[in-house]
Amino acid sequence: MASFPERLSFLLNGSCVAFALSLAKDTGILQALIDAKEGLTSEQIAREKNLKERYVREILASLGTAEFLHIATNEAGTLSYFLEDDEKKALSSALTAFISFPKVFGHIYDQVRACVPADGPFGVRYSERVHDVIDEFTKYLVDGFTDSILKHTDGLQRRLETGIDVIEFGSGRGRLLSKFATMFPNSTFTVSEILPELLDTIRARWSHIPNIKYELVDLCSLPDVVTKQYDWLFCCDVIHDLPNPFKAVEGIQKLVKAPDGVFTFIDMATSGSPVVDRGSIEVAAYYAAGTFLCIPESFQRPDSLALGPCWGQQKAVEIATLAGFKVKDVKLESGHQAIYICTL
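With our numbering, letter number 35 in the sequence shown gets 43, and the count goes up by one each step, no holes.
This is how it looks when you write it as C-alpha cells:
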C-alpha cells in the first residue's frame with residue numbers, strides 16, 4: 009500500500025486535474041478532441057471554439073501530463089493532443105456527465121459548508137444546475153434502465169403494449185418516462201414532481217407526446233385515502249434522496265393497483281458500509297456526492313433520515329419490505345446499482 013503522503017497527494021492532485029477536465033468539457037475543448045480525426049494543437053482548438061489560446065494550452069498541458077490525453081510533437085516542436093478511438097467511445101457514456109461534478113460541487117460548496125455546523129441550516133435543495141447534470145446522466149443511462157426494467161419486471165412489456173396506467177415519481181426532466189411513453193402509446197403515463205417549476209419544465213419539453221399527464225406529488229405527504237391507483241409505478245435514484253423514505257414507500261404501496269400492480273425503483277446498491285467498501289475510489293466518490301448533493305437535498309428538516317446514496321442494498325430491501333411489499337432485487341451491470349421489483 010502507498011504511504012499516507014502518497015495517498016493524500018494522489019487525491020489532491022487528481023482533484024485539481026478533475027477541475028481542469030470539467031473546464032475542458034464546458035468550454036468545448038474536450039468535444040473538439042472527440043470530434044477530431046487527428047491530433048489538434050492549442051491554436052487549432054482555440055480557433056475552432058473561439059477561445060483564448062493561452063487558457064487552452066494550459067488546460068491541455070494539465071490533461072496531457074495526467075495521461076488523460078495523448079501528446080505528439082512534430083519536427084518544429086509543436087505539441088498536438090489526441091484521444092484514441094476507444095477512449096472517445098468511453099466518453100460517450102455516463103462518465104462524461106460525471107466530469108461536470110467538480111463544477112457542481114464548487115458551485116454549492118459554501119452553501120453545504122454552512123449546513124455542517126450544528127446551528128447551520130439543514131440542507132440545500134437541488135438547483136437547476138444540479139438537475140442539468142442529473143439529466144445528462146440520465147441521457148446516457150436511459151436505454152440501459154429501460155432494458156433492465158423490462159427484462160426483470162415479469163409481464164410488464166406485454167401489459168404496457170396492451171395499455172395500463174403508469175406513474176413515475178421524481179421525474180426530474182422526464183427523459184426516462186418520455187421514452188416509455190413513446191415506446192408504448194397504448195398506455196397512459198403520469199410525470200410527477202414536487203415543485204411546480206420542475207413540472208412546468210417537463211411539460212414544456214414533452215408536451216408533444218399525447219399520452220403523458222403531469223401531476224404535482226409530494227412523496228412524503230401522500231394521502232392516506234387514495235382516489236387513483238396505478239398498474240405500474242417507478243422511480244430512479246429518488247428514494248434515498250427523500251427526507252422519509254419509509255413513509256414515501258409506504259404511501260406508494262397504497263397507490264399500487266391490486267392484485268398485480270408493481271412498483272419498481274432503481275437505486276444505489278453499495279454495501280452500505282465504508283469498511284466493506286474500503287479501497288473503492290468509486291464508492292468513495294459516491295460518499296462525496298452524498299455530502300454535496302444527496303444529504304443536503306434530503307436533509308430538509310430535523311427528523312430527515314438523510315440516508316445518502318450509499319444507504320446499502322440491504323437497507324433498500326428492508327424499507328420496501330416493511331412498507332408491505334414483496335421485494336426482488338437484482339444488481340445491474342454497473343455493479344453499484346440495483347433494480348428493486350416490489351409487488352403486493
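Yeah, the Cβ is synthetic: ideal placement off N, Cα and C, and Gly gets one too.
Local conformation of residue i per DSSP, three classes
| i | result |
| --- | --- |
| Phe-271 | strand |
| Met-191 | helix |
| Phe-145 | helix |
| Phe-254 | helix |
| Leu-38 | helix |
| Tyr-134 | coil |
| Asp-43 | helix |
| Leu-87 | strand |
| Ile-217 | coil |
| Leu-438 | The chain is shown only over 9 to 352; residue 438 falls outside these bounds and no answer can be derived. |
| Leu-224 | strand |
| Val-291 | helix |
| Val-150 | helix |
Any C-beta of chain C under 8 Å from that of residue i
| i | result |
| --- | --- |
| Pro-282 | In the structure shown, chain C cannot be found, because there is only a single protein chain. |
Identity of the residue in the options nearest residue i by Cα
| i | options | result |
| --- | --- | --- |
| Phe-90 | Leu-41, Gln-261 and Asp-155 | Leu-41 |
| Glu-75 | Gly-36, Val-25 and Ser-108 | Val-25 |
| Cys-244 | Phe-192, Thr-272 and Ile-37 | Thr-272 |
| Glu-326 | Ala-314, His-344, Phe-254 and Ser-306 | Phe-254 |
| Asp-239 | Glu-176, Asp-337, Leu-206 and Leu-99 | Glu-176 |
| Phe-145 | Leu-184, His-78 and Gly-343 | Leu-184 |
| Phe-113 | Glu-95, Glu-290 and Arg-137 | Arg-137 |
| Cys-123 | Gln-322, Gly-152, Phe-27 and Ser-306 | Ser-306 |
| Val-264 | Gln-237, Ser-279 and Leu-20 | Gln-237 |
| Asp-155 | Glu-341, Ala-105, Val-120 and Thr-209 | Glu-341 |
| Phe-27 | Pro-13, Gln-345 and His-115 | His-115 |
| Tyr-222 | Pro-231, Leu-230, Asp-208 and Thr-235 | Asp-208 |
| Leu-250 | Asp-118, Gly-269, Leu-224 and Cys-302 | Cys-302 |
| Thr-329 | Gln-308, Pro-304, Gln-261 and Asp-285 | Gln-261 |
| Lys-57 | Asp-34, Thr-73 and Lys-45 | Asp-34 |
| Thr-73 | Leu-87, Glu-83 and Asn-82 | Leu-87 |
| Leu-59 | Arg-15, Gly-47, Leu-38 and Lys-45 | Leu-38 |
| Asn-82 | Gly-287, Arg-55, Asp-93 and Leu-48 | Leu-48 |
| Glu-95 | Arg-15, Asp-43, His-139 and Lys-111 | Asp-43 |
| Arg-213 | Thr-104, Asp-143 and Tyr-117 | Asp-143 |
| Phe-333 | Val-284, Asp-268 and Asp-285 | Asp-268 |
| Tyr-348 | Ile-289, Val-234, Gln-52 and Phe-242 | Phe-242 |
Within 8 Å, strictly: CB atoms of residue i and residue j
| i | j | result |
| --- | --- | --- |
| Pro-282 | Gly-298 | no |
| Tyr-148 | Ser-101 | yes |
| Asp-228 | Ala-266 | The sequence given here has Cys at residue 228, not Asp. Not a contact, by the Cβ cut-off of 8 Å. |
| Ser-186 | Ile-220 | yes |
| Val-199 | Gly-171 | no |
| His-160 | Val-338 | yes |
| Ala-331 | Glu-258 | yes |
| Gly-320 | Thr-351 | no |
| Ser-70 | Glu-61 | no |
| Ser-179 | Glu-205 | no |
| Asn-252 | Leu-168 | no |
| Phe-153 | Ile-274 | yes |
| Gly-280 | Gln-308 | no |
Endpoints, the beta strand (DSSP E) within which residue i is located
| i | result |
| --- | --- |
| Thr-351 | 345-351 |
| Ala-80 | 78-81 |
| Ser-306 | No beta strand (DSSP E) contains Ser-306, which is instead part of the alpha helix (DSSP H) from 303-306. |
| Val-283 | Element bounds for Val-283: n/a, residue is neither H nor E. |
| Cys-243 | 240-244 |
| Lys-111 | Run containing Lys-111: none in the beta strand (DSSP E); it sits in the alpha helix (DSSP H), 109-123. |
| Ser-50 | Looking at the DSSP string, Ser-50 is not in any beta strand (DSSP E); the run it does join, the alpha helix (DSSP H), is 50-57. |
| Lys-339 | 334-339 |
| Val-199 | 196-201 |
Range of the contiguous alpha helix (DSSP H) that encloses residue i
| i | result |
| --- | --- |
| Cys-24 | 12-34 |
| Thr-73 | 61-73 |
| Leu-206 | 204-214 |
| Asp-173 | Premise fails: Asp-173 lies in the beta strand (DSSP E), 173-176, not in any alpha helix (DSSP H). |
| Thr-104 | 102-106 |
| Thr-329 | 321-330 |
| Asp-94 | 93-98 |
Inter-residue CB distance, residue i and residue j (contact presumed, cutoff 8 Å)
| i | j | result |
| --- | --- | --- |
| Ala-32 | Ile-67 | 5 Å |
| His-344 | Met-276 | 6 Å |
| Phe-130 | Pro-310 | 7 Å |
| Ser-195 | Val-225 | Contact doesn't hold; Cβ gap of about 19 Å is too wide. |
| Val-141 | Val-132 | So it is not a contact: roughly 15 Å between Cβ atoms. |
| Val-270 | Leu-164 | 7 Å |
| Ser-108 | Ser-30 | 6 Å |
| Leu-315 | His-248 | 5 Å |
Heavy atom of the ligand MG within 7 Å of residue i beta-carbon
| i | result |
| --- | --- |
| Lys-60 | The ligand content of the structure shown is nil, which means the ligand MG is not present either. |
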